[in-house]
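Asker:
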Amino acid sequence: MICILGTGMAGFGAAYRLRQEGINNEICLYDKNSYIGGHTASFETDDGFIFDDGPHISFTEDKRIRELLADNVDQEYETVKAVVNNYWKGHWVKHPAQCNLHGLPEDLIVDVLDDFIDTREKSNGEITNYKEWLYAKFGETFAENFPMVYGKKYHTVDAENMDIDWLGPRLYQPDLKEVLAGALKPATPDVHYVDKFRYPTNHGFVNYLEKFKQLADIKLNHKVTSIDAKEKLVRFGNGKTVEYEEVISSIPLPELTTNIIEDVPEEVIEAGKKLACTSCIIVNVGIDRDDITDAIWTYFYDTDIIFTRLSFPYKMSPNTVPKGCGSIQAEIYFSDKYRPVDRKPEDCIEPVIADLKRCGLIKEDDKILHTNTLFIKYANVIFDLDRSQAVKTVHEYLDDIGIRYCGRYGDWGYIWTDQAFKSGENAAQKMIDSNTIVA
1 MICILGTGMA GFGAAYRLRQ EGINNEICLY DKNSYIGGHT ASFETDDGFI FDDGPHISFT
61 EDKRIRELLA DNVDQEYETV KAVVNNYWKG HWVKHPAQCN LHGLPEDLIV DVLDDFIDTR
121 EKSNGEITNY KEWLYAKFGE TFAENFPMVY GKKYHTVDAE NMDIDWLGPR LYQPDLKEVL
181 AGALKPATPD VHYVDKFRYP TNHGFVNYLE KFKQLADIKL NHKVTSIDAK EKLVRFGNGK
241 TVEYEEVISS IPLPELTTNI IEDVPEEVIE AGKKLACTSC IIVNVGIDRD DITDAIWTYF
301 YDTDIIFTRL SFPYKMSPNT VPKGCGSIQA EIYFSDKYRP VDRKPEDCIE PVIADLKRCG
361 LIKEDDKILH TNTLFIKYAN VIFDLDRSQA VKTVHEYLDD IGIRYCGRYG DWGYIWTDQA
421 FKSGENAAQK MIDSNTIVA
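Mapping of the sequence shown onto full-length UniProt numbering: position 288 corresponds to residue 288, and the numbering continues sequentially without gaps.
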């Protein structure tokens with residue numbers, strides 16, 4: 001039997017590739033939860049709101065993945081323009097802020113421009129961390145007022161303690177002409193790396209996975225408690241034990257190395273403990289109107305505002321809310337390593353609503369129809385300076401004992417939906433290429 005641990009995008013990606021490659025062996029997907037999806041799960045409330053396990057959209061440029069996901073929802077998806085903005089000290093700023101400075105305080109704009117021009121003339125030498133990268137690309141004034149503040153709220157760690165392996169297209173790097181135009185003009189071209197995205201018309205983001213359920217036998221309420229890699233056994237909290245021919249895991253690496261795999265060498269355990277990630281308290285709010293904002297999501301830089309980012313599920317599909325209603329999803333970040341959780345999720349509802357009113361997104365006479373909270377233990381990988389070597393140590397060990405890994409928390413990377421699916425496919429392909437499967 002081929003054992004796949006996790007029923008998120010990565011787990012189903014692995015099952016899909018195995019079936020596409022003609023593997024007819026028994027394939028079982030196991031999940032600790034009572035539902036499929038992992039972090040792509042969606043939850044429908046009794047009063048008609050749908051909230052995902054954190055904001056999820058599909059903006060892949062991979063035609064194969066686009067078509068596959070579209071087929072999975074019978075071509076019933078919304079195509080949505082990605083309108084993104086920022087909130088900074090009472091100002092609403094188009095995203096990305098570095099080329100949309102118009103309307104901000106004039107002295108701030110002057111200092112940002114002065115720094116930005118100065119960076120064009122400097123030789124910055126070797127860049128060793130995120131703070132140095134920000135200074136080199138944008139100058140100190142912009143870096144310290146915007147991405148360094150937001151980064152601390154989102155990643156929970158100071159910029160000087162982060163590497164830059166995660167950046168990719170995430171921080172747009174404008175030229176001087178773009179920065180000057182954005183300072184002088186209220187309207188600028190859209191340059192965000194997400195232009196449009198797709199979202200299932202019905203049942204939330206998890207609906208993209210529904211048809212994948214036919215690929216394999218799915219066992220829910222199966223929390224892995226131990227893996228014996230020598231005897232090829234997986235044990236579960238419900239008392240069941242299965243023997244596997246091959247195993248693919250999307251379980252977070254720290255869990256695997258410190259709590260699950262038996263007889264792990266001490267240096268691997270220590271490496272696993274160095275891997276850091278954020279946890280997230282999600283506060284979901286439903287209100288009685290659907291004109292809250294034009295944005296799909298908003299970044300918040302103020303440190304005295306409780307949430308780091310807001311997204312608006314009702315803008316992704318009208319079927320995520322009762323007719324005429326709106327919905328807001330607020331994210332609040334913590335981490336065991338840098339900012340431990342210091343409150344219960346339900347204790348965040350009141351301050352979130354207060355800050356939504358303070359920003360003008362909720363009015364005093366709005367009727368709040370629904371609130372709930374989620375706690376996401378593994379939200380985002382933190383790319384601190386410990387990560388690279390620790391991941392290398394753990395991955396080499398897993399390779400040695402024949403445990404395949406995939407997904408955001410198996411690869412321990414900052415990957416999106418399509419990348420997670422392909423990560424699962426790649427893990428399955430490595431298994432196939434190793435010729436260890438007896439068909």
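Heads up, the beta-carbon is just placed ideally off N, CA and C, and yes, glycines get one too. All figures in this text were calculated on a predicted structure; none of them were measured in a lab.
Using 10 angstroms around the beta-carbon of Lys-137, count the other beta-carbons present and answer buried if the total reaches 16, otherwise exposed.
Answerer: On the sequence shown, position 137 is the one that residue 137 refers to. Counting Cβ neighbours within 10 Å, Lys-137 comes out buried, since at least 16 surround it.
Asker: Just to confirm the assignment, what range does the alpha helix (DSSP H) spanning Thr-393 have?
Answerer: The count along the sequence shown starts at 1 and reaches residue 393 at position 393. Thr-393 -> alpha helix (DSSP H) spans 387 to 401.
Asker: Should residue 443 go down as buried or exposed, given a rule of 16 or more other Cβ atoms within 10 Å for buried?
Answerer: It is not possible to answer for residue 443, since the shown part of the chain is limited to 1 through 439.
Asker: Would the stretch 66 to 81 and the stretch 157 to 165 be scored as touching if the rule is three or more Cβ pairs under 8 Å?
Answerer: no
Asker: On a CA-only basis, which of His-203, Lys-377, Arg-309, Leu-253 is nearest Trp-412? Give me that one, please.
Answerer: Indexing the sequence shown from 1 puts residue 412 at position 412. Ranking the options by Cα distance to Trp-412, first place goes to Leu-253.
Asker: Does DSSP classify Asp-31 as helix, strand or coil?
Answerer: On the sequence shown, position 31 is the one that residue 31 refers to. Coil.
Asker: Measuring alpha carbon to alpha carbon, tell me which residue in Ser-279, Asn-33, Asp-46, Ile-328 is nearest Ser-339.
Answerer: For this step, residue 339 is matched to residue 339 along the sequence shown. The residue you asked about is not Ser; residue 339 is Arg in the sequence shown. Of the candidates Ser-279, Asn-33, Asp-46, Ile-328, the residue whose Cα lies closest to the Cα of Arg-339 is Ser-279.
Asker: State yes or no: is the C-beta of Phe-307 within less than 8 Å of the C-beta of Val-234?
Answerer: Locating residue 307 in the sequence shown gives position 307, where the first residue counts as 1. Locating residue 234 in the sequence shown gives position 234, where the first residue counts as 1. Not a contact, by the Cβ cut-off of 8 Å.
Asker: So, using beta-carbon positions, are Gly-11 and Lys-422 closer together than 8 Å?
Answerer: As a first step, residue 11 must be located in the sequence shown, where it is residue number 11. As a first step, residue 422 must be located in the sequence shown, where it is residue number 422. Annotated as distal: Gly-11 and Lys-422, with beta-carbon spacing of 8 Å or more.
Asker: Given 8 Å as the limit, is there contact between the stretch 267 to 287 and the stretch 334 to 348, that is, 3 or more CB pairs closer than that?
Answerer: yes
Asker: Mind checking whether Val-391 and Leu-275 have CB atoms under 8 Å apart?
Answerer: As a first step, residue 391 is located in the sequence shown; it is residue number 391 there, counting from the start. As a first step, residue 275 is located in the sequence shown; it is residue number 275 there, counting from the start. Yes, the pair counts as a contact, with Cβ atoms nearer than the cut-off.
Asker: Nearest-angstrom Cα distance between Ala-15 and Glu-425?
Answerer: What you label residue 15 is simply residue 15 of the sequence shown in a count that begins at 1. What you label residue 425 is simply residue 425 of the sequence shown in a count that begins at 1. Roughly 8 Å separates the two Cα atoms.
Asker: Taking the alpha helix (DSSP H) that Asp-190 falls in, what are its first and last residues?
Answerer: Mapped onto the sequence shown, residue 190 falls at position 190. Asp-190 -> no alpha helix (DSSP H), and no H or E assigned at all.
Asker: Assuming Arg-343 is part of the alpha helix (DSSP H), what are its boundary residues?
Answerer: Position 343 of the sequence shown holds residue 343. Premise fails: Arg-343 is in no alpha helix (DSSP H) and is neither H nor E.
Asker: Give, in chain order, every unbroken run of the alpha helix (DSSP H) that is at least 4 residues long and sits entirely within the stretch 33 to 121.
Answerer: 63 to 72, 106 to 121
Asker: My output table needs one value for Pro-318: the three-state DSSP class, helix, strand or coil.
Answerer: Taking the first residue of the sequence shown as position 1, residue 318 is located at position 318. In this structure, Pro-318 counts as helix in the three-state DSSP scheme.
Asker: Would you call the CB atoms of Ile-2 and Glu-231 closer than 8 Å?
Answerer: Locating residue 2 in the sequence shown gives position 2, where the first residue counts as 1. Locating residue 231 in the sequence shown gives position 231, where the first residue counts as 1. It is not a contact, given that the beta carbons lie outside the stated cut-off.
Asker: Tell me where the alpha helix (DSSP H) around Gln-20 begins and ends.
Answerer: Reading the sequence shown from its first residue, position 20 is the one you call residue 20. It spans 9 to 20 - the alpha helix (DSSP H) in which Gln-20 sits, taken as one unbroken run.
Asker: Just to confirm, are residue 445 and Cys-406 a CB contact at a threshold of 8 Å?
Answerer: Because the chain here runs from 1 to 439, residue 445 falls outside it and cannot be looked at.
Asker: Select from Leu-101, Leu-369, Glu-26 the residue whose C-alpha is nearest the C-alpha of Thr-188.
Answerer: Residue 188 sits at position 188 when you count from the first residue of the sequence shown. Comparing Cα-Cα distances from Thr-188 to each of Leu-101, Leu-369, Glu-26, the minimum goes to Leu-101.
Asker: What runs of the beta strand (DSSP E), each 3 residues or longer, lie entirely inside the stretch 150 to 220?
Answerer: 196 to 200, 217 to 219
Asker: What would DSSP say about Asp-384, mapped onto helix, strand or coil?
Answerer: Your numbering for residue 384 matches position 384 in the sequence shown. Three-state result, Asp-384: strand.
Asker: Please state whether DSSP places Ser-434 in a helix, a strand or coil.
Answerer: Taking the first residue of the sequence shown as position 1, residue 434 is located at position 434. Residue state, collapsed to three classes: coil.
Asker: Can you say whether residue 470 is buried or exposed, counting buried as having 16 or more other CB atoms within 10 angstroms of its CB?
Answerer: The structure shown does not extend to residue 470, since the chain spans only 1 to 439, so no value can be given for it.
Asker: Where Ala-97 and Leu-113 are concerned, what is the direct C-alpha to C-alpha distance, given to the nearest angstrom?
Answerer: The count along the sequence shown starts at 1 and reaches residue 97 at position 97. The count along the sequence shown starts at 1 and reaches residue 113 at position 113. In a straight line, the C-alpha of Ala-97 is about 13 Å away from that of Leu-113.
Asker: Using 10 angstroms around the beta-carbon of Gln-329, count the other beta-carbons present and answer buried if the total reaches 16, otherwise exposed.
Answerer: Your numbering for residue 329 matches position 329 in the sequence shown. With 16 or more Cβ atoms within 10 Å of its Cβ, Gln-329 is classed as buried.
Asker: Is Leu-176 near Pro-147, with beta carbons less than 8 Å apart?
Answerer: Taking the first residue of the sequence shown as position 1, residue 176 is located at position 176. Taking the first residue of the sequence shown as position 1, residue 147 is located at position 147. No; because the gap between Cβ atoms is not below 8 Å, this pair is not in contact.
Asker: Measuring straight from C-alpha to C-alpha, what distance separates Ile-432 and Asp-399?
Answerer: Taking the first residue of the sequence shown as 1, we reach residue 432 at position 432. Taking the first residue of the sequence shown as 1, we reach residue 399 at position 399. Whole-angstrom Cα-Cα distance: 14 Å.
Asker: For Leu-385 versus Asp-163, is the C-beta distance shorter than 8 Å?
Answerer: Position 385 of the sequence shown, counting from 1, holds the residue named residue 385. Position 163 of the sequence shown, counting from 1, holds the residue named residue 163. Yes, Cβ-Cβ distance for Leu-385 and Asp-163 is below 8 Å.
Asker: Helix, strand or coil for Trp-297, going by three-state DSSP, please let me know.
Answerer: On the sequence shown, residue 297 is found 297 positions in, with the first residue counted as 1. The answer is strand: DSSP assigns Trp-297 an E or B state.
Asker: Considering Arg-408, what are the terminal residues of the alpha helix (DSSP H) in which it resides?
Answerer: Residue mapping note: residue 408 aligns to position 408 of the sequence shown, counting from 1. Segment: none, Arg-408 is in no alpha helix (DSSP H) and carries neither H nor E.
Asker: Do you know offhand how far Gly-410's Cα is from Val-194's?
Answerer: As a position in the sequence shown, residue 410 is number 410, starting the count at 1. As a position in the sequence shown, residue 194 is number 194, starting the count at 1. Approximately 25 Å between the Cα atoms of the pair.
Asker: I think Trp-133 touches Tyr-414, with their Cβ atoms under 8 Å apart; what is that distance to the nearest whole Å?
Answerer: Residue numbering aside, residue 133 sits at position 133 when the sequence shown is read from its first letter. Residue numbering aside, residue 414 sits at position 414 when the sequence shown is read from its first letter. So it is not a contact: roughly 15 Å between Cβ atoms.
Asker: With distances taken from CA atoms, which of Pro-318, Asp-294, Phe-312 is nearest Thr-201?
Answerer: The sequence position of residue 201 within the sequence shown is 201, counting from 1. Cα-wise, what sits closest to Thr-201 is Pro-318.
Asker: Figure out for me which residue from Phe-205, Asn-259, Asp-365 has the closest Cα to the Cα of Glu-44.
Answerer: As a first step, residue 44 is located in the sequence shown; it is residue number 44 there, counting from the start. Nearest C-alpha to Glu-44: Phe-205.
Asker: So which of Pro-313, Asn-435, Asn-25 has the shortest CA-CA distance to Phe-49?
Answerer: Along the sequence shown, read from residue 1 onward, the residue named residue 49 stands at position 49. For Phe-49, the nearest C-alpha among the options comes from Pro-313.
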